[in-house]
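Trainee:
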Amino acid sequence: MAQTSDQVSAAAPKRPGGWLGMVADWSSDQRSFKGVSWGKAMMWIFLVSDTFVFGCFLLSYMTARMSTTVPWPNASKVFGLHIGGADIPLILIAIMTFVLISSSGSMALAVNYAYRKNRQATALLLIVTALLGAAFVGMQAFEWTKLISEGVRPWGNPWGAPQFGASFFMITGFHGTHVTFGVIFLLIVARKVWRGDYDDGRRGFFTSRRGHYESVEIMGLYWHFVDLVWVFIFAFFYLW
Amino acid sequence: MENTQAQTGGGAGTVTAPAAHDEVQHHPLKVYFTVWIWLFILSAASYYVDYSGVQGYLRWTLILIFMMLKAGLIVAIFMHIAWERLALTYAIILPPIAILAFVAIMAIESNYTLFTRLLYFTNG
Chain A
46 MAQTSDQVSA AAPKRPGGWL GMVADWSSDQ RSFKGVSWGK AMMWIFLVSD TFVFGCFLLS
106 YMTARMSTTV PWPNASKVFG LHIGGADIPL ILIAIMTFVL ISSSGSMALA VNYAYRKNRQ
166 ATALLLIVTA LLGAAFVGMQ AFEWTKLISE GVRPWGNPWG APQFGASFFM ITGFHGTHVT
226 FGVIFLLIVA RKVWRGDYDD GRRGFFTSRR GHYESVEIMG LYWHFVDLVW VFIFAFFYLW
Chain B
16 MENTQAQTGG GAGTVTAPAA HDEVQHHPLK VYFTVWIWLF ILSAASYYVD YSGVQGYLRW
76 TLILIFMMLK AGLIVAIFMH IAWERLALTY AIILPPIAIL AFVAIMAIES NYTLFTRLLY
136 FTNG
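Just so you know, the sequences run in chain order A and B. Numbering follows my numbering, in which position 10 of the first sequence is assigned residue number 55; successive positions increment by one, without gaps. Numbering follows my numbering, in which position 55 of the second sequence is assigned residue number 70; successive positions increment by one, without gaps.
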């Protein structure tokens with residue numbers, strides 16, 4: 046295996062795996078996350094903290110919904126669309142879900158091709174992911190427009206509990222913002238891959254550090270996380 | 016760190032030796048396609064829960080099962096947690112579980128709020 050400067054040297058004795066390995070990794074004065082670069086570790090720490098942010102949003106939504114004496118609006122109807130003479134419940138959200146899952150799939154493939162150092166395939170898949178993400182945000186903008194025109198406000202709506210609007214705008218707004226930043230992030234990484242920055246060790250304009258193909262995986266962690274959050278929003282806000 | 020990772024062969028043959036800093040992560044593409052398809056199936060299933068109009072505990076149970084399966088697949092395979100060392104895995108997985116305690120607290124609080132609202136606000 047190739048040696049690297051900031052990885053633990055492979056000359057060290059082979060470390061135990063499993064539970065024994067976990068205890069050993071945490072219990073001595075050393076770095077706990079063996080073989081994990083700082084970039085990846087920091088992205089995970091960010092994602093765990095972001096989990097708490099979204100956790101709190103969903104919790105406050107739960108609290109509002111459980112404690113209101115007014116019936117909660119029926120999401121199935123609210124987010125339904127009238128297509129071809131029939132009312133299809135929740136259809137827009139279903140399409141958005143499939144679009145986001147597809148983008149997660151193409152992202153996973155991009156990470157895989159990045160580790161194979163296949164520049165073109167990686168860049169192309171990143172662009173596809175970005176396009177699907179942009180499509181998601183577009184549909185969300187449509188959804189917001191439709192609901193606002195129907196009279197949904199953070200302080201009230203025509204169908205029931207007034208907290209519905211506040212929860213909806215807060216949760217989907219925050220998620221949509223994450224997707225939007227993800228798309229920008231994706232385009233930046235795609236450009237770097239396409240240009241071959243990770244092959245010729247070109248320094249980043251912002252950090253002045255040399256990039257590596259691992260950046261694609263770190264980008265992927267963020268993107269999959271956005272999809273992961275949507276899984277919970279879909280279940281708790283739209284389906285419940 | 017060598018190869019606690021599942022090196023299940025696959026595309027490994029075509030791959031040139033990885034340069035510095037790139038861990039060996041050549042999982043065969045098939046894994047990703049399989050997960051992708053399952054995510055589609057599970058999403059379709061959870062959409063069908065709404066479409067079919069199932070209500071009550073059956074609805075909530077199905078939603079939660081499909082949700083957890085999807086989340087598990089994404090975290091384990093797409094986010095590569097299945098291939099990480101346990102030290103990192105548990106550092107990531109354990110803290111969010113604390114949210115469940117928060118959920119329990121707020122559920123109790125919500126019930127109390129609802130109770131007082133019903134008691135004082137609905138007669139007037």
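Think of the CB as a built atom: it goes at the ideal place given N, C-alpha and C, for glycine as much as any other residue.
Considering only DSSP beta bridges, list what A:A168 is partnered with.
Mentor: According to DSSP, which records beta bridges pairwise, A:A168 is partnered with nothing at all.
Trainee: Nearest-angstrom Cα distance between B:I89 and B:T137?
Mentor: The alpha-carbon atoms of B:I89 and B:T137 are separated by roughly 45 Å.
Trainee: Taking buried to mean at least 16 other C-beta atoms within 10 Å of its own C-beta, is A:F277 buried or exposed?
Mentor: Buried: at least 16 other Cβ atoms inside 10 Å.
Trainee: Hey, how far is the Cα of A:L126 from the Cα of A:V144?
Mentor: So the alpha carbons of these two residues sit roughly 17 Å apart.
Trainee: Answer yes or no: does any C-beta atom of chain D fall closer than 9 Å to that of B:T76?
Mentor: In the structure shown, chain D does not exist; the protein chains are A and B.
Trainee: Based on DSSP bridge pairs, tell me the residues matched to A:D132.
Mentor: Answer is A:H127, bridged to A:D132.
Trainee: Suppose only complete runs of 4+ residues qualify. What are the alpha helix (DSSP H) ranges in the region 40-78 of chain B, listed by chain order?
Mentor: Within the region 40-78 of chain B, the complete alpha helix (DSSP H) runs of at least 4 residues are 44-67.
Trainee: What did DSSP end up calling A:R198 once you bin it into helix, strand or coil?
Mentor: Three-state DSSP puts A:R198 in a strand.
Trainee: DSSP three-state label for A:R161, please.
Mentor: Correct three-state label for A:R161: coil.
Trainee: Since B:L54 and B:K85 are thought to touch, with beta carbons under 8 Å apart, how far apart are those beta carbons, to the nearest angstrom?
Mentor: Right, their Cβ atoms sit about 6 Å apart.
Trainee: Should B:D37 go down as buried or exposed, given a rule of 16 or more other Cβ atoms within 10 Å for buried?
Mentor: With a pLDDT of only 46 at B:D37, under the threshold of 50, the placement of this residue in the model should not be trusted; the figure read from the coordinates follows. Counting Cβ neighbours within 10 Å, B:D37 comes out buried, since at least 16 surround it.
Trainee: Run through DSSP, which three-state label would B:T137 get?
Mentor: In this structure, B:T137 counts as coil in the three-state DSSP scheme.
Trainee: Quick one: does B:L129 have its CB under 9 Å from some CB of chain A?
Mentor: By this cut-off, B:L129 is an interface position.
Trainee: Within the chosen definition, does the region 271-285 of chain A reach the region 238-252 of chain A through at least 3 CB pairs nearer than 8 Å?
Mentor: The region 271-285 of chain A is not in contact with the region 238-252 of chain A.
Trainee: Please look up how many angstroms separate the CB atoms of B:L101 and A:M67, rounded, as I've assumed it's under 8 Å.
Mentor: That pair is a contact at about 4 Å.
Trainee: Confirm, please, whether the CB-CB distance from B:F48 to A:G150 is below 9 Å.
Mentor: In contact: A:G150 and B:F48 (Cβ atoms closer than 9 Å).
Trainee: Leaving out five residues before and five after B:H46 in sequence, what residues of the same chain have Cβ atoms less than 7 Å from its Cβ?
Mentor: Checking the displayed sequence, the identity of residue 46 of chain B turns out to be Val instead of His. Closer than 7 Å at the Cβ level, and outside the excluded window around B:V46, lie I92.
Trainee: Starting from the beta carbon of A:S77, find every residue of chain B whose beta carbon is closer than 7 Å, and list them in chain order.
Mentor: Correct list: A102.
Trainee: Just the Cα atoms here: how many angstroms apart are A:L176 and B:M121?
Mentor: Answer to the nearest angstrom: the Cα atoms are 39 Å apart.
Trainee: Do the region 133-143 of chain A and the region 242-260 of chain A touch if we need at least three Cβ pairs shorter than 8 Å?
Mentor: In short, these stretches do not touch, since the Cβ pair count stays below three.
Trainee: Please confirm whether B:A116 has its beta-carbon closer than 9 Å to some beta-carbon of chain A.
Mentor: Answer no: the Cβ-Cβ gap between B:A116 and chain A never drops below 9 Å.
Trainee: Tell me which same chain residues have a C-beta within less than 7 Å of the C-beta of A:V115, skipping the five on either side of it?
Mentor: Closer than 7 Å at the Cβ level, and outside the excluded window around A:V115, lie G205, A206.
Trainee: Assuming A:F213 is part of the alpha helix (DSSP H), what are its boundary residues?
Mentor: Counting along the chain, the alpha helix (DSSP H) containing A:F213 begins and ends at 208-240.
Trainee: Would you please state the rounded distance, in angstroms, between the beta carbons of A:S40 and A:G183? I believe it to be under 8 Å.
Mentor: The requested residue 40 of chain A does not occur in the structure, where chain A is confined to residues 46 to 285.
Trainee: If you measure from the beta carbon of A:W189 to each beta carbon in chain B, is any gap under 9 Å?
Mentor: Output row for A:W189: interface = no.
Trainee: Between which two residues does the alpha helix (DSSP H) holding A:Y106 run?
Mentor: Where A:Y106 is concerned, the enclosing alpha helix (DSSP H) stretches over 83-112.
Trainee: Under 8 Å between beta-carbons, which chain A residues line up against B:K85? List them in chain order, please.
Mentor: Here the neighbours are V276.
Trainee: List the residues of chain A that B:Y66 touches, going by C-beta distances under 8 Å, in chain order.
Mentor: Those are P134, L135, listed as they occur along chain A.
Trainee: If contacts are defined as beta-carbon pairs under 8 Å, then A:L103 and A:I216 qualify, I think. What distance do you get, rounded to the angstrom?
Mentor: At roughly 7 Å, the Cβ-Cβ gap stays under 8 Å, so A:L103 and A:I216 are in contact.
Trainee: So B:D65 and A:S121 are in contact, right, with Cβ under 8 Å, and what is the actual spacing, rounded?
Mentor: Going by Cβ atoms, the distance from B:D65 to A:S121 rounds to 5 Å, so yes, they are a contact pair.
Trainee: Would you please state the rounded distance, in angstroms, between the beta carbons of B:L103 and A:V156? I believe it to be under 8 Å.
Mentor: Their Cβ separation, rounded to whole angstroms, is 17 Å, which puts B:L103 and A:V156 out of contact at 8 Å.
Trainee: Using only CA atoms, which one of A:D95, A:W83, A:L65 lies nearest to A:F270?
Mentor: Checking every option, the nearest Cα to that of A:F270 belongs to A:D95.
Trainee: With a threshold of 16 other CB atoms inside 10 Å of the CB of A:P255, please say whether the residue is buried or exposed.
Mentor: The identity of residue 255 of chain A in the sequence shown is Arg, whereas the question assumes Pro. It is exposed - the Cβ of A:R255 has fewer than 16 other Cβ atoms within 10 Å.
Trainee: Under 7 Å between beta-carbons, which chain B residues line up against A:I146? List them in chain order, please.
Mentor: In chain order: L54, F55, S58.
Trainee: Measuring alpha carbon to alpha carbon, tell me which of A:Q208, A:T225, A:I90 ends up nearest A:A180.
Mentor: Among A:Q208, A:T225, A:I90, the Cα nearest to that of A:A180 is on A:T225.
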